[in-house]
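Engineer: Take a look at this one; I'll ask things after.
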Amino acid sequence: MADLTLVYFAWVREAIGRDEERVERPAADATVATLIAALAARGGGYAEAFARPDRLRAALDQHFVPMDSPIGDAKELAIFPPVTGG
Amino acid sequence: MADLTLVYFAWVREAIGRDEERVERPAADATVATLIAALAARGGGYAEAFARPDRLRAALDQHFVPMDSPIGDAKELAIFPPVTGG
Amino acid sequence: MNRVSIQAEDFDPAVELAALEASGGGGVASFTGIVRGEGGLVALELEHYPAMTMAQVERIVAEASDRWPLLGVRVIHRFGRLEPGERIVFVGTASRHRTAALEACAFLIDWLKSRAPFWKKEHFADRTEWVEARVEDDAKAESWKR
Amino acid sequence: MNRVSIQAEDFDPAVELAALEASGGGGVASFTGIVRGEGGLVALELEHYPAMTMAQVERIVAEASDRWPLLGVRVIHRFGRLEPGERIVFVGTASRHRTAALEACAFLIDWLKSRAPFWKKEHFADRTEWVEARVEDDAKAESWKR
Chain A
1 MADLTLVYFA WVREAIGRDE ERVERPAADA TVATLIAALA ARGGGYAEAF
51 ARPDRLRAAL DQHFVPMDSP IGDAKELAIF PPVTGG
Chain B
1 MADLTLVYFA WVREAIGRDE ERVERPAADA TVATLIAALA ARGGGYAEAF
51 ARPDRLRAAL DQHFVPMDSP IGDAKELAIF PPVTGG
Chain C
1 MNRVSIQAED FDPAVELAAL EASGGGGVAS FTGIVRGEGG LVALELEHYP
51 AMTMAQVERI VAEASDRWPL LGVRVIHRFG RLEPGERIVF VGTASRHRTA
101 ALEACAFLID WLKSRAPFWK KEHFADRTEW VEARVEDDAK AESWKR
Chain D
1 MNRVSIQAED FDPAVELAAL EASGGGGVAS FTGIVRGEGG LVALELEHYP
51 AMTMAQVERI VAEASDRWPL LGVRVIHRFG RLEPGERIVF VGTASRHRTA
101 ALEACAFLID WLKSRAPFWK KEHFADRTEW VEARVEDDAK AESWKR
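Residue numbers (the numbering used here), protein chains in the order written: chain A, 1 to 86; chain B, 1 to 86; chain C, 1 to 146; chain D, 1 to 146.
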């Protein structure tokens, strides 16, 4: 099964130091929240970016999703702070 | 004491056939409504214009007033249909 | 920064918006009313009460400035004969906050509808007709009462 | 008649208003957001999620068209570096009815604030700072939920 592309925006991107990366697809029962926890465990910028999950928002294949959504067969997961457009 | 100027707008003006006239100042206890009733009694266009007081609005010296307002020492009384600006 | 014009001539919303944008706020809201050409309407004729109109509209603008933190308000209301597609009215507001600008703009146009001394007569090919005030318009204006 | 642009370039509200005025409605409402130069702000930097932005904004516009009888909607949202006084966003709506135009305009700007994937970074002379989402903005957007 194909890898999963992660994309980061705003201070999440800055803390991690990259705007995109590919990771191995997580287990079938993984949710956005469990993947974020696994990424935070990498330490460094990841730990910093993902220290407070309540300050994060996510989109799967360009649709906003709650943090407990299963990743399923999505191709792209975006992680970012709450949006501030308009 | 000076006369009272009456001004008419929209279909009130058209029914009466003039946009302005001066009348003798009514009695001290006269209200807008009693003056309108007196004008309606003239018959013709006045009777037509003032047949349905609920369809009329008034302003004394350029301020909207309820029909039971005393005319007092106002200089100008305007009588017109509900406004339709904007 | 508040300005009211009651005029027969057309106006340019672009000029008005540019002035409001320059007022230093974060948001500019506007509403432009246009003559609809429905039902075979040939023209709309707007009559007003010159001695009262300007003072009354300025009162409405002052009330809006009192209720919302506005940096600028622009109201233009035309009178005379207007054909379908022509502009009738413009309300523009500038504020630091988008909600203030938008709410004040809605308030102003609602109040102009039911409190500004204008009367509209519709001209059709074969007849004319005075526009009746709409109960909803009065209710809209009343709904802003505090 | 609905059009969305996500662009770095400036735009001309006059051109957008003229197109909306020509859509045959009786009312055109607009909101223009401007960069405020407060607290010594040097520039605002807007980042967005290109793969998502256009589709997401079009969804918001479709939702507005679904809820109000609109004849035209125009949304422009800029990204990149913007200086104080520059325009960030434009929302314009045309409808036969003023209330529909005004409400849809307010709805759209509220939803852009809390549902469009943009992030603002403030540049000051000596530091930069990501703008925090405001709880009120989210509440505003939620308040439109049916």
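Where is the CB? At the ideal position from N, CA and C, for every residue including glycine.
As the structure is a prediction and not an experimental result, all values here were calculated from the model.
Grab the span of the alpha helix (DSSP H) containing D:TRP130 for me, first residue to last.
Structural biologist: Your numbering for residue 130 of chain D matches position 130 in the fourth sequence. No alpha helix (DSSP H) holds D:TRP130; the beta strand (DSSP E) holding it covers 128-130.
Engineer: Going by the CB atoms, is the gap between C:TRP119 and B:VAL50 shorter than 9 angstroms?
Structural biologist: Reading the second sequence from its first residue, position 50 is the one you call residue 50 of chain B. Reading the third sequence from its first residue, position 119 is the one you call residue 119 of chain C. In the sequence under discussion, the amino acid at residue 50 of chain B is Phe, which differs from the Val named in the question. No, the pair does not count as a contact, with Cβ atoms beyond the cut-off.
Engineer: Counting pairs of beta carbons, one from the stretch 71-86 of chain B and one from the stretch 7-21 of chain D, are three or more of them closer than 8 angstroms?
Structural biologist: The answer is no - the stretch 7-21 of chain D does not touch the stretch 71-86 of chain B, with fewer than three Cβ pairs under 8 angstroms.
Engineer: Excluding sequence positions up to five away, which residues of its chain have a Cβ less than 8 angstroms from the Cβ of B:ARG18?
Structural biologist: Residue mapping note: residue 18 of chain B aligns to position 18 of the second sequence, counting from 1. Cβ within range, chain order: TYR8.
Engineer: Which same chain residues end up closer than 8 angstroms to A:ALA74 when comparing Cβ atoms and leaving out the 5 residues on each side of it in sequence?
Structural biologist: Numbered from its first residue, the first sequence carries residue 74 of chain A at position 74. Same-chain partners within the cutoff: LEU4, LEU60, ASP61.
Engineer: Determine, using beta carbons only, whether B:GLU76 comes closer than 9 angstroms to chain C.
Structural biologist: Translated into the one-based positions of the second sequence, residue 76 of chain B becomes position 76. Yes - at least one Cβ of chain C is within 9 angstroms of the one on B:GLU76.
Engineer: For A:TYR8, which of helix, strand or coil comes out of DSSP?
Structural biologist: Working through the first sequence from its first residue, we reach residue 8 of chain A at position 8. In the structure shown, A:TYR8 sits in a strand (DSSP, three-state: E or B).
Engineer: Would you mind telling me which residues of chain D sit closer than 7 angstroms to C:ARG96, beta carbon to beta carbon, in chain order?
Structural biologist: What you label residue 96 of chain C is simply residue 96 of the third sequence in a count that begins at 1. Simply ARG36.
Engineer: In three-state DSSP terms, what is C:SER95?
Structural biologist: Working through the third sequence from its first residue, we reach residue 95 of chain C at position 95. C:SER95 falls in the strand class under three-state DSSP.
Engineer: What's the C-alpha gap between D:LEU108 and D:ALA19?
Structural biologist: As a position in the fourth sequence, residue 108 of chain D is number 108, starting the count at 1. As a position in the fourth sequence, residue 19 of chain D is number 19, starting the count at 1. The alpha-carbon atoms of D:LEU108 and D:ALA19 are separated by roughly 18 angstroms.
Engineer: Would you call B:ALA41 buried or exposed, if buried means 16 or more other Cβ atoms sit within 10 Å of its Cβ?
Structural biologist: For this step, residue 41 of chain B is matched to residue 41 along the second sequence. It counts as exposed.
Engineer: For A:GLU21, which beta-bridge partners are listed by DSSP?
Structural biologist: Along the first sequence, read from residue 1 onward, the residue named residue 21 of chain A stands at position 21. Answer is A:LEU6, bridged to A:GLU21.
Engineer: Quick check: the stretch 91-107 of chain C against the stretch 36-54 of chain C, are at least 3 beta-carbon pairs closer than 8 angstroms?
Structural biologist: Touching, no, given that fewer than three Cβ pairs across the two stretches are closer than 8 angstroms.
Engineer: Drop a sphere of 10 angstroms on the beta-carbon of D:ARG115, count the other beta-carbons inside from all chains shown, and report buried for 16 or more, exposed for fewer.
Structural biologist: Counting from one through the fourth sequence, the residue named residue 115 of chain D turns up at place 115. That one is buried.
Engineer: Could you check the C-alpha separation between B:THR97 and C:VAL131 for me, to the nearest Å?
Structural biologist: Residue 97 of chain B is absent from the structure shown; chain B starts at 1 and stops at 86.
Engineer: Could you tell me whether the Cβ of C:ILE109 comes closer than 9 angstroms to any Cβ of chain D?
Structural biologist: Working through the third sequence from its first residue, we reach residue 109 of chain C at position 109. Taking Cβ atoms only, chain D reaches closer than 9 angstroms to C:ILE109, which makes this a yes.
Engineer: So, helix, strand or coil for C:LEU82, using DSSP?
Structural biologist: Walking along the third sequence from the start, residue 82 of chain C turns up at place 82. Here C:LEU82 sits in strand by DSSP.
Engineer: In the structure shown, what three-state DSSP assignment does C:TRP144 receive?
Structural biologist: In the third sequence, residue 144 of chain C corresponds to position 144, counting from 1. C:TRP144: coil per DSSP, three-state reduction.
Engineer: Using a Cβ-Cβ cut-off of 9 angstroms, state whether A:PHE50 counts as contacting chain D.
Structural biologist: Numbered from 1 along the first sequence, position 50 holds the residue referred to as residue 50 of chain A. Not an interface residue.
Engineer: What span of residues does the beta strand (DSSP E) with C:LEU44 cover, start to end?
Structural biologist: Stepping through the third sequence from its first residue, residue 44 of chain C is reached at position 44. Residues 43-48.
Engineer: Rounded to a whole number of angstroms, what is the C-alpha to C-alpha distance between C:VAL4 and A:GLY72?
Structural biologist: Taking the third sequence and counting its residues from 1, the one referred to as residue 4 of chain C is at position 4. Taking the first sequence and counting its residues from 1, the one referred to as residue 72 of chain A is at position 72. So the two alpha carbons sit approximately 60 angstroms from each other.
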